[in-house]
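Protein chains in written order, with the working numbering: chain A, 1 to 193; chain B, 1001 to 1193. Worksheet for the structure shown next.
There are 2 protein chains.
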Amino acid sequence: MNLDPAELRVLDAAKSCCERWGLAKVTIEDIAHAAGVSRATLYRMFPGGKDVLFEALRVRELEDFFTRLSAHLDGAGDFEDLLVRCVMHATHELRSDQHLSLMLASEPGDTLGQLTVDGLPRIIRVATVFLAPLVDGYLPRREGARLVELLSRLVISYFLAPSEHVDLGEPDSARTFIQTFVLPAFQPSLTRS
Amino acid sequence: MNLDPAELRVLDAAKSCCERWGLAKVTIEDIAHAAGVSRATLYRMFPGGKDVLFEALRVRELEDFFTRLSAHLDGAGDFEDLLVRCVMHATHELRSDQHLSLMLASEPGDTLGQLTVDGLPRIIRVATVFLAPLVDGYLPRREGARLVELLSRLVISYFLAPSEHVDLGEPDSARTFIQTFVLPAFQPSLTRS
DNA sequence: TGACAATGAGACAAGAAGTGTCTTAGCGTC
DNA sequence: GACGCTAAGACACTTCTTGTCTCATTGTCA
């Protein structure tokens, strides 16, 4: 996707500047300086400036997230196991994401928007692209998309506001949850167990 | 000195804003908001704005520093012991100062200026005010001032650029250093050991 | 060597943000 | 009810930031 190493440097710089000062305080100049490129070059790479740059950063972060997640799902045995691993590792990723927690602390409004209102459709879209192949063997394409969307919403919700009854980071709790609230809805559509 | 609790709140807010964003990124508005006062009140407390406020913050930090340092020097036995404790605890304070290390990382230029060029005379002045009483019993006032100045310069220099040969944070090293390079210069003026 | 693309440096205008001062209205205290 | 203190916000002013430009420099190919 992004082959240019200079572009990767700029995205890394944007990320670290963001962690250091928060989205609101970072300037294009800060990022250009941190990346060791001139402001002109940065505008050449990301025509449109700050918005486009941070949009690209969010896309990359999201794809990295699901790349790591997919890697964790490779050895899943059956459908249930796949879903349990999925929500567990997604939850763990979210909880251990340094960048995310910094952003949530310094710019709660914008960050929450990216996880719930504005950004959620894209999250679901990317999640579908990455996870659909994995559920393809078990569900028809359309049902798979519905499932991925449901899981995305649930994982994010339980991450943002932990529950007393459910901990999607715990194997037993995650399994019970999947068995109780998720599988029954998709049982009729299952093409194999 | 600063009796008004609101002023202390503002200084604390300025400090924490500074740690979070760095001196360059902080606005008066940030500080006022963090302190829970209006911008108008802040200007009333510190007429002159940002410069005066941060000047006041530096003065307070400096006085706190030497207040803590003085507390560590109370039980000193003799003159040599006093000086050894002094450089040791000053070195420890500097090394463990979270705020200082953040400032050194984010604004090396300004921070170094405050420790060396612009700020050093004040540091020496405050150091003299706080430490002169402690060396008064051993040296004439004028010699005491010379000593405090010398020690201030040395502690800061060894803090900023650690030496291979001397570690003023280590008891033995500090003692040897004091015995070798400091005491001889003031031996002739000693009014008692 | 001479085109070529990519870059850094910096000028520039437009807009946004921050600053410092001021007025006004609200609050509790005496 | 006068007093002092404050939050809120209007204000003109300055500084910073942005996005676009041009131009000189660099390294790469032919």
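Where a beta carbon is used, it is the ideal one built from N, C-alpha and C, also for glycine. Remember, predicted model here, so these are calculated numbers, not experimental data.
May I have the straight-line CA-CA distance separating residue i from residue j, to the nearest angstrom?
i, j, result
"A/A174", "A/F54", "33 angstroms"
"B/A1127", "B/V1155", "12 angstroms"
"B/L1073", "B/D1064", "15 angstroms"
"A/A35", "A/M45", "12 angstroms"
"B/Q1098", "A/T176", "45 angstroms"
"A/A13", "A/A56", "13 angstroms"
"A/S101", "A/E107", "10 angstroms"
"A/G39", "B/D1004", "The sequence given here has Arg at residue 39 of chain A, not Gly. Roughly 46 angstroms separates the two Cα atoms."
"B/E1029", "A/A132", "48 angstroms"
"A/A6", "A/R142", "39 angstroms"
"B/V1026", "A/S96", "29 angstroms"
"A/D172", "A/T91", "14 angstroms"
"B/L1008", "B/C1086", "28 angstroms"
"A/H33", "A/G48", "18 angstroms"
"A/C18", "A/E93", "19 angstroms"
"A/V52", "A/P162", "33 angstroms"
"A/L42", "A/R20", "20 angstroms"
"A/L112", "A/L151", "18 angstroms"
"B/P1188", "B/G1144", "13 angstroms"
"B/T1134", "B/K1015", "One detail in the question is off: residue 1134 of chain B reads as Leu in this sequence, not Thr. Distance between the alpha carbons of B/L1134 and B/K1015: 30 angstroms."
"B/A1238", "A/T116", "As shown, chain B starts at 1001 and ends at 1193. That puts residue 1238 of chain B outside it, with no answer to give."
"B/L1183", "B/R1146", "12 angstroms"
"A/K50", "A/V37", "15 angstroms"
"A/A71", "A/I31", "31 angstroms"
"A/E164", "B/E1164", "55 angstroms"
"B/D1118", "B/L1160", "16 angstroms"
Which of the three DSSP states is assigned to residue i in this structure?
i, result
"A/A174", "helix"
"A/K25", "coil"
"A/V37", "coil"
"A/A76", "coil"
"B/D1004", "coil"
"A/L62", "helix"
"B/L1042", "helix"
"B/L1190", "coil"
"B/P1047", "coil"
Is the distance from the Cβ of residue i to the Cβ of residue j below 8 angstroms?
i, j, result
"A/V148", "A/Y158", "no"
"A/G169", "A/M103", "no"
"B/I1178", "B/L1069", "no"
"B/L1023", "B/D1110", "yes"
"A/I124", "A/L62", "no"
"A/R60", "A/L120", "no"
"B/F1066", "B/F1130", "yes"
"A/R153", "A/Q114", "no"
Length at least 4, wholly inside the region 89-169 of chain A: the alpha helix (DSSP H) runs in chain order = Counting only runs of 4 or more, we get 98-106, 108-115, 120-135 and 141-160.
task = Report yes or no: do the region 127-141 of chain A and the region 76-91 of chain A share at least 3 C-beta pairs separated by less than 8 angstroms?
result = yes
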